[in-house]
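Remarks on the structure that follows.
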Amino acid sequence: MDITNKKHIALISVHGDPAVEIGKEEAGGQNVYVRHVGEALAHQGWHVDMFTRASSAEQPKIVEHGPHCRTIRLSAGPEAFVPRDEIFGYAGTFVNELLKFQQETGIQYPLVHTNYWISSWVGMQLKKHQPLKQVHTYHSLGAVKYKSITTIPMIATTRLSVEKTVLETAERIVATSPQEQEHMRSLVSTKGNIDIIPCGTDIQRFGSIDKQAARAALGIDSDAIVVFYVGRFDERKGIETLVRAVGQSQFRDNEKLRLVIGGGSRPGQSDGKERDRIEGIVAELGLSNITSFPGRLGDTTLPAYYAAADVCVVPSHYEPFGLVAIEAMASGTPVVASDVGGLQFTVVPEQTGLLAPAKDEAAFAAAIDRIISNPEWRNQLGAAARTRVESKFSWDGVAHQLSDLYTTLLEKPALEKPAKVLAQASA
Ligand code: UDP
176 MDITNKKHIA LISVHGDPAV EIGKEEAGGQ NVYVRHVGEA LAHQGWHVDM
226 FTRASSAEQP KIVEHGPHCR TIRLSAGPEA FVPRDEIFGY AGTFVNELLK
276 FQQETGIQYP LVHTNYWISS WVGMQLKKHQ PLKQVHTYHS LGAVKYKSIT
326 TIPMIATTRL SVEKTVLETA ERIVATSPQE QEHMRSLVST KGNIDIIPCG
376 TDIQRFGSID KQAARAALGI DSDAIVVFYV GRFDERKGIE TLVRAVGQSQ
426 FRDNEKLRLV IGGGSRPGQS DGKERDRIEG IVAELGLSNI TSFPGRLGDT
476 TLPAYYAAAD VCVVPSHYEP FGLVAIEAMA SGTPVVASDV GGLQFTVVPE
526 QTGLLAPAKD EAAFAAAIDR IISNPEWRNQ LGAAARTRVE SKFSWDGVAH
576 QLSDLYTTLL EKPALEKPAK VLAQASA
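Quick note, the sequence shown lines up with residues 176 to 602 if you use the working numbering.
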């Protein structure tokens with residue numbers, strides 16, 4: 176048995192299940208990233224196993240996405256929804272279950288690509304047991320997040336220390352934008368190896384339908400003015416800024432104006448509370464008659480909404496990357512986004528959309544108005560946005576870059592005593 180089969184790799188995403196429906200609860204960009212990277216790598220010849228935590232007893236333990244790509248759900252903690260900050264308590268069990276899986280199947284992964292800090296810890300523990308190359312993508316940095324919130328959670332100290340250790344010890348860190356790399360260097364550590372490989376998007380799926388066909392399919396008037404948001408309901412997504420911006424838009428009394436706020440929520444969950452809060456602001460501003468909340472947007476409806484929109488707004492307080500921006504751009508729709516993080520990398524102001532200071536509703540209103548008041552320019556921005564995504568952000572292109580990175584790392588000799596090095600690093 177060849178236990179070091181170089182084509183077997185593991186993507187580890189303890190809290191972001193790549194096989195679930197996106198847009199609900201805490202499922203978002205990380206789930207999409209892992210799933211698409213996994214599938215694209217499998218097309219390029221890798222045997223990809225994506226490990227996540229089982230979060231429901233009804234879910235199958237193994238989901239096959241294609242001949243060499245599957246999601247494997249390990250039992251670690253209750254088989255129920257557990258908020259992100261509480262999952263770390265089950266990470267040790269996750270490591271043991273992964274080791275058991277390797278033993279039972281005879282597969283020993285020579286490389287793991289970990290996602291988010293909890294999984295980075297899992298990767299570092301595995302290294303104590305076997306020769307292993309670790310690639311890590313943060314998806315979110317505690318050092319950035321904790322600067323913007325008032326109540327710092329109990330887990331913060333652990334998270335910050337794990338994030339520093341993985342930066343300094345992983346064979347490679349993947350930053351998804353130059354801005355994220357800069358934050359790692361200025362806020363986490365000057366040590367460690369970082370490559371920039373962006374997130375990607377499905378350029379066949381997004382851009383497959385034109386604006387009028389999309390509007391007809393969705394029952395939106397052909398001459399409506401559509402301002403669109405999609406994403407999780409989380410205060411840090413800045414939906415309030417968008418709603419207040421529309422409230423002060425010069426188009427607010429135009430009967431053609433429509434505000435569509437897409438994304439799922441579950442009653443009783445925290446995103447449900449944010450949704451209630453947003454609905455309250457919509458009502459307070461007298462925008463209820465022009466605003467709709469279509470809920471979670473799935474495989475076929477999401478590309479249609481992007482295409483139907485005149486402008487897509489990404490008002491996040493911070494984004495390390497921000498998939499929604501490139502999905503809209505792939506659909507030929509210009510983006511008005513916060514001037515933060517990865518959005519400064521994906522959106523080129525005046526060419527594919529506009530940037531506005533985060534939380535600045537007047538600046539958002541002005542940017543939205545500039546685009547919707549000039550349909551010809553709007554179309555030029557949309558066409559340039561599509562071109563930018565095709566050349567820089569397709570999943571196949573992203574997976575090629577990752578594949579080259581894995582190959583290079585696997586060709587290098589393994590550390591002789593990984594356990595010792597790690598023990599020192601985390602001491
Ligand atoms: N998404 C979706 N349907 C929804 C809401 C969100 O498919 O109803 C997807 C969206 O298309 C994107 C991801 O969820 O691919 C959100 O990723 P992003 O990086 O924008 O934000 P995150 O959720 O990671 O903060």
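Even glycine gets a Cβ: it sits at the ideal position worked out from N, Cα and C.
Remember, predicted model here, so these are calculated numbers, not experimental data.
| Within 8 Å, strictly: CB atoms of E272 and A255 | no
Q | Inter-residue Cα distance where the pair is H358 and V195 | A | The alpha-carbon atoms of H358 and V195 are separated by roughly 30 Å.
Between which two residues does the alpha helix (DSSP H) containing V257 stretch? Careful: V257 lies outside any alpha helix (DSSP H) and carries neither H nor E.
- prompt: Quick one: does the C-beta of R545 sit closer than 7 Å to a heavy atom of the ligand UDP?
  reply: no
- Excluding the five sequence neighbours on either side, which residues of its own chain have a C-beta within less than 6 Å of the C-beta of G267, listed in chain order? none
Exercise. Should N549 be labelled buried (16 or more other beta-carbon atoms within 10 Å of its own) or exposed?
Worked result: exposed
Review point. At which residues does the alpha helix (DSSP H) containing N290 begin and terminate?
Key: No alpha helix (DSSP H) contains N290, which is instead part of the beta strand (DSSP E) from 286–290.
Is there at least one non-hydrogen atom of the ligand UDP closer than 7 Å to the beta-carbon of E536?
no
I453 bridges to which residues according to DSSP?
Per DSSP, none; premise fails for I453.
| message | For a test of the three-state rule: what should DSSP assign to H211, helix, strand or coil? | response | helix
Starting from M504, trace the alpha helix (DSSP H) both ways and give me its first and last residue. 498–505
Could you check where the alpha helix (DSSP H) with D370 kicks off and where it finishes? Taken as a continuous stretch (DSSP letters only), D370 belongs to no alpha helix (DSSP H), being part of the beta strand (DSSP E) at 369–371.
Whole-angstrom Cβ separation of V297 and F269, contact assumed at under 8 Å? 6 Å
- Message: Quick check: V189 and I282, are their CB atoms within less than 8 Å of each other?
- Response: Remark: C-beta atoms of V189 and I282 do not approach each other more closely than 8 Å.
Compute the minimum distance between the beta carbon of G413 and the heavy atoms of the ligand UDP, and state whether it is under 7 Å.
no
- Message: So, with DSSP's three-state summary, where would you put Y481?
- Response: Three-state DSSP puts Y481 in a helix.
| Hey, how far is the Cα of T365 from the Cα of K339? | 10 Å
So which of L286, Q526, V337, A512 has the shortest CA-CA distance to L580?
For the set L286, Q526, V337, A512, the Cα lying nearest the Cα of L580 is the one of L286.
**OP:** Could you have a look at G528 and say whether DSSP puts it in helix, strand or coil?
**Re:** strand
Which partner residues of Y321 appear in the DSSP bridge assignment? Residue pairing for Y321: DSSP places it in no beta bridge.
* Asked: Based on the DSSP secondary-structure assignment, which residues constitute the bridge partners of I400?
  -> L432
query: Can you name, in chain order, every residue of its own chain whose Cβ lies under 7 Å from the Cβ of P509, other than the five neighbours on each side?
result: V486, T527, G528, I546, R553, L556, G557, A560
Are the beta-carbon atoms of T376 and A215 separated by less than 8 Å?
-> No, the pair does not count as a contact, with Cβ atoms beyond the cut-off.
- Message: Bridge partners for I237 per DSSP, in chain order?
- Response: I247
Quiz prompt | For L362, the nearest candidate out of A537, L316, D544 (CA to CA) | solution = L316
Next item on the list: Could you pull out every residue in the same chain whose Cβ sits closer than 7 Å to the Cβ of H304, ignoring the five residues on either side in sequence?
Entry: Correct list, in chain order: L274.
* Inspect the beta-carbon positions of S566 and Q219 and report whether they are closer than 8 Å. => no
| query | Alpha carbon to alpha carbon, what distance is there between G204 and E494? | reply | 10 Å
Output yes or no for whether 8 Å exceeds the beta carbon distance between G517 and E355.
yes
* **Local conformation of R561 per DSSP, three classes** => Note: R561 maps to helix in three-state DSSP.
Worksheet item: Would a C-beta distance cut-off of 8 Å place Q309 and E346 closer than the cut-off?
Response: yes
Check: If T344 and K534 are in contact, beta carbons under 8 Å, what's the gap, nearest whole angstrom?
Finding: In fact, because the Cβ distance is near 36 Å, the residues do not count as touching under 8 Å.
Return yes when the Cβ of A350 is within less than 8 Å of the Cβ of I330, no when it is not.
No, they are not a contact pair.
If you drop the 5 nearest sequence neighbours on each side, which residues of the same chain put their C-beta closer than 6 Å to that of H222?
Its chain contains K182, H183, H243 as the residues whose beta carbon lies nearer than 6 Å to that of H222, once the 5 sequence neighbours on both sides are disregarded; these appear in chain order.
For S295, which of V489, A202, D428, T227 has the nearest alpha-carbon?
Ranking V489, A202, D428, T227 by Cα distance to S295 puts T227 first.
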